[in-house]
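The structure under discussion appears below in the form of structure tokens.
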Amino acid sequence: MAANSPMDMSDITGAPGVRHRFGPGDLPISVRRKGNGPTVLLVGGTHGDEYEGQIVVAEMVRRLDGLDLHGTLICLPRHNPGACMAGRRTDPEDADQDINRVYGTGSATGRAKVISDFVSGAILPHVDWVIDLHSGGVSHEFVVSGNIQAVIGSDEDLAMRPYLQAFGAPFSLVFDGSDHSMPHAGTLEHHAKGFGARAISSELGGGGRVSAASITAARDGVMRLLGAIGLLEGSPPPPPPGPLLEMSGERHTVTCGIAGAIEPVAQLGDAVALGQTVARLHPDDLSAPVDLTAQCTGVFACIAAKGRSDAYVEGSDVIGYVCETITEGWPTR
Numbered sequence: 000m001a002a003n004s005p006m007d008m009s010d011i012t013g014a015p016g017v018r019h020r021f022g023p024g025d026l027p028i029s030v031r032r033k034g035n036g037p038t039v040l041l042v043g044g045t046h047g048d049e050y051e052g053q054i055v056v057a058e059m060v061r062r063l064d065g066l067d068l069h070g071t072l073i074c075l076p077r078h079n080p081g082a083c084m085a086g087r088r089t090d091p092e093d094a095d096q097d098i099n100r101v102y103g104t105g106s107a108t109g110r111a112k113v114i115s116d117f118v119s120g121a122i123l124p125h126v127d128w129v130i131d132l133h134s135g136g137v138s139h140e141f142v143v144s145g146n147i148q149a150v151i152g153s154d155e156d157l158a159m160r161p162y163l164q165a166f167g168a169p170f171s172l173v174f175d176g177s178d179h180s181m182p183h184a185g186t187l188e189h190h191a192k193g194f195g196a197r198a199i200s201s202e203l204g205g206g207g208r209v210s211a212a213s214i215t216a217a218r219d220g221v222m223r224l225l226g227a228i229g230l231l232e233g234s235p236p237p238p239p240p241g242p243l244l245e246m247s248g249e250r251h252t253v254t255c256g257i258a259g260a261i262e263p264v265a266q267l268g269d270a271v272a273l274g275q276t277v278a279r280l281h282p283d284d285l286s287a288p289v290d291l292t293a294q295c296t297g298v299f300a301c302i303a304a305k306g307r308s309d310a311y312v313e314g315s316d317v318i319g320y321v322c323e324t325i326t327e328g329w330p331t332r
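All residue numbers for the sequence shown refer to numbering that gives the first Met the number 0, where the first residue is 0 and numbers rise by one.
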């Protein structure tokens, strides 16, 4: 990025144009203001081992001059710079704090604190939308999906579903907030909603790598979403919507309390029934394999990427997730 200098408020609220700046904690920021319209914060690199967002937001930075915008686009290609440079979920030089668990909690220290305080104080009060691109990182692989945090069936959930359709990923997820089991508190997405912004995220695969499908979904999804929000002219129409899935409590989690190697049985995206084997655990003590089964009927939406369970260390490992399908109020292909 050229012409980098420290960020100030005029870069967000001032004259039209393109600006490339740095916030505290070596946070790279690019802003394009043109005309009247919504202000959107586009974020990648919240976790450093999730690469689609880093790639797509950096591409967007290089394209800012040529975009037909009506409003303001703020780009953070490396929300957690230390984690991104290390290729890890968290910054090893910042006490491995998860920046996506500290927003609004008062628990952050070091670089996570200065970045989250800056985003909270200087950026979020001015934005209408937050798009925070995630994948499963090195620990998990998800079906390629857009997602929101909401209580299923609430006004917020129903209002956000057209934007999930606009994002146009093969799957869409609602992380249900009704029983507080999902990690909403401390996330940028949840915190932004406290400022009156709308927020949408993704799980674009994972396994610590980028696939052709995941990067295409991220690129195309961002462009379609910016069009649906009203910031960008000329965005393409979305494909017909894929399944809408619910992820909430224990019934969606496949766990294992034994250490050993994990053999996938179901494929990601498969429809599975209650009690169906989705993976098999081959214990370290060479005893008979243990079938790991779905706790509900739904879609096999996520599997552990590391290939083994370390339950003897961690107590109980999450092997994957089976998510129930939401049909009410959602079109089908």
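We put the CB at the ideal spot given by N, CA and C, even for glycine. Values in this document were obtained by computation on a predicted structure and should not be read as measured data.
Note on Asp127: 16 or more other CB atoms within 10 angstroms of its CB, so buried under the neighbour-count rule. Distance between Ala111 and Ser134, taken at the CA atoms: about 20 Å. By the Cβ neighbour-count rule, Asn35 is exposed, with fewer than 16 other Cβ atoms within 10 Å of its own.
By the Cβ neighbour-count rule, Ser9 is exposed, with fewer than 16 other Cβ atoms within 10 Å of its own. Taking 8 Å as the cut-off, the beta carbon of Leu26 is found closer than this to the beta carbon of Leu75. With respect to Glu202, Ser144 sits close: the two C-beta atoms are nearer than 8 Å.
Less than 8 Å divides the Cβ of Leu41 from the Cβ of Val221.
Per DSSP, the beta-bridge partners of Thr38 are Thr71.
Taking 8 Å as the cut-off, the beta carbon of Gly206 is found no closer than this to the beta carbon of Glu262. The shortest CA-to-CA distance from Gly81 to any of Leu72, Ile73 and Pro91 is the one to Pro91. A direct Cα-Cα distance of roughly 47 Å separates Gly193 from Pro288. Look at Asn79 here: in three-state DSSP terms it is coil, with no helix or strand label. Burial is judged here by how many other beta carbons sit within 10 angstroms of a residue's own beta carbon; Ala272 has fewer than 16 and is exposed.
Per the C-alpha coordinates, the member of Cys83, Arg88, Gly109 and Thr89 positioned closest to Pro23 is Gly109.
DSSP links Trp128 through a beta bridge to Val39 and Arg197. If you look at Asp95, you'll find it isn't in any beta strand (DSSP E); DSSP assigns it neither H nor E. Separation of the CB atoms of Val317 and Thr252 is rounded to 6 Å, and the pair is thereby assigned contact status at 8 Å.
For Ser144, the enclosing beta strand (DSSP E) covers residues His139 to Ala149. In this structure, Val150 is the residue among Ala258, Val150, Ala191 and Asp284 with its C-alpha nearest to the C-alpha of Phe174. Counting only unbroken stretches of 4 or more residues, the alpha helix (DSSP H) elements lying wholly within the region 289 to 319 are 310 to 313, in sequence order.
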